Amino acid sequence: MESPLPSPSQFLRKTSSSNGVSVDSSVIPRSREILNLMNELERIERERRAIQDLVDAHYASLAPTVPDDVLSEIFMHCLPETYNATRSLSEAPLLLGQVCRRWREVSLSTPRLWTSLHIVIPTDADPDVLCSILESRRKGVEAWLGRSGVLPLSISIYSKFSSGCRRHPETIACIRRLMDSFTRLSSRWRDVELRLSNECFGIFRDSMGSAWGEDGLPFLNLIKLNVVDRVQVVISEDLKKKELEFISKLGEAACLTSISLISTAYCSHDLRLPLGNLSKLDLSPAGQLHLTNDEALQLLSQCTNIRYCRLPKVLMLTRPTSTVELPHLENLHARIKSSSDYLPEPVTSNSPNDLRFHTILDCISAPALKGLTVEFESYSTSQPLSQVPFISLLRPGHRIEQLDMTMNLSSGGMLECLELAPKLKVLRFACSSKDKDTCTSVVSALIPSTGKSLLCPGLSEIYIPKDRKVSDELLLKLARTRRDPKITAMGVTPLEVLHAKLDRHRQIVDLDKQITELRRDKLDLVLTHLPDGEDLSWCGQEGREPSGRSGEHLFWL
Numbered sequence: 001m002e003s004p005l006p007s008p009s010q011f012l013r014k015t016s017s018s019n020g021v022s023v024d025s026s027v028i029p030r031s032r033e034i035l036n037l038m039n040e041l042e043r044i045e046r047e048r049r050a051i052q053d054l055v056d057a058h059y060a061s062l063a064p065t066v067p068d069d070v071l072s073e074i075f076m077h078c079l080p081e082t083y084n085a086t087r088s089l090s091e092a093p094l095l096l097g098q099v100c101r102r103w104r105e106v107s108l109s110t111p112r113l114w115t116s117l118h119i120v121i122p123t124d125a126d127p128d129v130l131c132s133i134l135e136s137r138r139k140g141v142e143a144w145l146g147r148s149g150v151l152p153l154s155i156s157i158y159s160k161f162s163s164g165c166r167r168h169p170e171t172i173a174c175i176r177r178l179m180d181s182f183t184r185l186s187s188r189w190r191d192v193e194l195r196l197s198n199e200c201f202g203i204f205r206d207s208m209g210s211a212w213g214e215d216g217l218p219f220l221n222l223i224k225l226n227v228v229d230r231v232q233v234v235i236s237e238d239l240k241k242k243e244l245e246f247i248s249k250l251g252e253a254a255c256l257t258s259i260s261l262i263s264t265a266y267c268s269h270d271l272r273l274p275l276g277n278l279s280k281l282d283l284s285p286a287g288q289l290h291l292t293n294d295e296a297l298q299l300l301s302q303c304t305n306i307r308y309c310r311l312p313k314v315l316m317l318t319r320p321t322s323t324v325e326l327p328h329l330e331n332l333h334a335r336i337k338s339s340s341d342y343l344p345e346p347v348t349s350n351s352p353n354d355l356r357f358h359t360i361l362d363c364i365s366a367p368a369l370k371g372l373t374v375e376f377e378s379y380s381t382s383q384p385l386s387q388v389p390f391i392s393l394l395r396p397g398h399r400i401e402q403l404d405m406t407m408n409l410s411s412g413g414m415l416e417c418l419e420l421a422p423k424l425k426v427l428r429f430a431c432s433s434k435d436k437d438t439c440t441s442v443v444s445a446l447i448p449s450t451g452k453s454l455l456c457p458g459l460s461e462i463y464i465p466k467d468r469k470v471s472d473e474l475l476l477k478l479a480r481t482r483r484d485p486k487i488t489a490m491g492v493t494p495l496e497v498l499h500a501k502l503d504r505h506r507q508i509v510d511l512d513k514q515i516t517e518l519r520r521d522k523l524d525l526v527l528t529h530l531p532d533g534e535d536l537s538w539c540g541q542e543g544r545e546p547s548g549r550s551g552e553h554l555f556w557l
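Given below as structure tokens:
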């Protein structure tokens, strides 16, 4: 074989004739080529090892050898825990069926994976394509629920208001067919949540008219109904009658323990509900529908096992005298308004100018109560109350941990309330009082200081939804002192949340910097101010509120 290199004699002659060029000049390019080839070989080897690792991991995986029943159980733990499954391909159970053929077969043959479903009813699409969308969704719903076998179902349906729906009968018919897919399975309902427009709820209600069967609703445990756009609808007597009949039929469910009715058209004292079985009752009817104080107490007297209760608006007409025992009640939300004929009473005979109202809350005994929300408004006086209208729920034997109140309350009344709630952990207060320093007094009293006992040592969250008087400096001082290691070492709970919405401009130049420093210390601190440049030209005009703000805290609409 002929050598690619010249003979030694030729090489030496060439080298000597090249004026001392290095002998290595012919070797270096080949050395570089060898080095490049070695680097490429190492790269290919790394790729080979990575591929081999994947292959080894596949063979080592338990998935191919896991029995189908175990795989089904694993799939169940992939479902969302706090809400119903959706038809999204990026979430279980549909996501599981995209992994491989076996997973698809196992998921489709596991009925428990398909017993929950959340569906959105599109009502604002182009009318020309809306029907095809609804029909496609109906087929998908029927296929989904068909995989659930005969198991109890958890469903939630949502729709937005669309004024165009009324003008398209074909669209209404498509929505009705979609609703029928759910209502024909009513005998298998377990948990049902409906957040529907007034129009879609009417379609659902009509669909149920032909779905009530002899079996009733044997599994129904929870019902949530919220008519999302009812504020735009006139509450007619015919509508009240239809909804009264519909809701009362739901109330016939033997296993029902939780019911939430928001913006419905009914008088709740007429409803036939299994109040003695309920652990949760949430009633907030539309418009000016309300209960009198006697009707509210009569309703509560039947809720012997209730744990959470939100009452409809209660109109105080006379001083209530009956007493209601609610031994299991843990959370209560009451909205109370006194009529023009129901007058406040002096707190004591020695202080005729210190006023309080005797309300239904004074007639309730709830030793397990931890959370209390009270909205109170009076027609009969504009004078701030000197005592909260739920003082009996703060007396010994009660242990309020969460307090949320909106009312016309004096500084003294607010401080008395906090003194009677030593176990308080969460406080939210909006005092619409002419005493503009109420919030400042409360914040000052919550700041630890030498020589006085600290109010609410277990307080960890404070929310001030609206105030314009309390200063930024005082709020920052509250945040710092309630997290001071010297203070917390004395058994005081560190403040974790402080949110305040301030109806004024910021007062400190480097406020953002100070807030950031406190947030780094893991404090959830939010101080919201008026934006710079906001139009305040209306200020000083009596009886005028800024545009978009009037009625912000009114709940008696």
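Numbering (the UniProt record's numbering), first residue to last: 1 to 557. Glycine included, every Cβ here is placed at the ideal spot set by N, Cα and C. Keep in mind that this is a model prediction, so the values were computed, not measured.
Out of 469, 142, 258 and 106, state which residue places its alpha-carbon closest to the alpha-carbon of residue 303.
Checked all of 469, 142, 258 and 106; the closest Cα to residue 303 is 258.
Measure from the alpha carbon of residue 338 to the alpha carbon of each residue in 410, 524 and 290, then state which is nearest.
Checked all of 410, 524 and 290; the closest Cα to residue 338 is 290.
Enumerate in chain order the residues of its own chain whose CB-to-CB distance from residue 477 is below 8 Å, with the five nearest sequence positions on each side excluded.
Answer for residue 477: 447, listed in chain order.
Would you please state the rounded distance, in angstroms, between the beta carbons of residue 278 and residue 306? I believe it to be under 8 Å.
Right, the Cβ-Cβ distance comes to about 6 Å (below 8 Å), so this counts as a contact.
Whole angstroms are fine: how far does the CA of residue 517 sit from the CA of residue 456?
Looking at the two C-alpha atoms, the distance is approximately 25 Å.
Would you list the residues sitting across from residue 567 in a DSSP beta bridge?
This structure does not reach residue 567, given that the chain is present from 1 up to 557, and the question cannot be answered.
Do you know whose CA, among 41, 172 and 112, lies nearest residue 132's CA?
Cα-wise, what sits closest to residue 132 is 172.
Which runs of the beta strand (DSSP E) fall wholly inside the stretch 218-261 and span at least 3 residues, in chain order?
Counting whole runs of 3 or more residues, the stretch 218-261 contains the beta strand (DSSP E) stretches 222-227.
Less than 9 Å between the beta carbons of residue 473 and residue 498, yes or no?
No.
Classify residue 209 as buried or exposed, calling it buried when 16 or more other Cβ atoms lie within 10 Å of its own Cβ.
Looking at its Cβ environment, which holds fewer than 16 other Cβ atoms inside 10 Å, residue 209 is exposed.
With 16 other CB atoms within 10 Å as the buried threshold, where does residue 106 fall?
Answer is buried; the Cβ neighbour count reaches 16.
Spell out a yes or no on whether the stretch 134-143 and the stretch 174-182 are touching, meaning 3 or more CB-CB pairs, one atom from each, closer than 8 Å.
Short answer: they touch.
Are residue 113 and residue 92 closer than 9 Å when you measure CB to CB?
Yes, the pair counts as a contact, with Cβ atoms nearer than the cut-off.
Run through the DSSP bridge pairs and tell me what residue 195 is partnered with.
Paired residues: 158 and 226.
So, for residue 159: in the same chain, excluding its five sequence neighbours on each side, which residues have a beta-carbon less than 6 Å away from its beta-carbon?
Closer than 6 Å at the Cβ level, and outside the excluded window around residue 159, lie 121, 123, 196, 197 and 200.
Buried or exposed, going by whether 16 or more other CB atoms sit within 10 Å of the CB of residue 266?
That one is buried.
By Cβ distance, which residues of its chain are closer than 7 Å to residue 386, with the 5 residues on each side in sequence left out?
Once the five neighbours on either side are set aside, the close Cβ partners of residue 386 are 347, 354, 355, 356, 410, 412 and 413.
Return helix, strand or coil for residue 121, following the three-state DSSP convention.
Residue 121 falls in the strand class under three-state DSSP.
Cβ of residue 335 within 9 Å of Cβ of residue 374?
For residue 335 and residue 374, yes; Cβs fall inside 9 Å.
Pick from 117, 81 and 249: whose alpha carbon is nearest that of residue 94?
Considering only alpha carbons, the answer is 117.
Let me know the secondary structure DSSP gives residue 470 once reduced to three states.
Reduced to three states, the DSSP call for residue 470 is coil.
What span of residues does the beta strand (DSSP E) with residue 336 cover, start to end?
Taken as a continuous stretch (DSSP letters only), the beta strand (DSSP E) holding residue 336 covers 331-338.
In whole angstroms, what is the alpha-carbon distance linking residue 301 and residue 280?
Cα-Cα distance, rounded: 14 Å.
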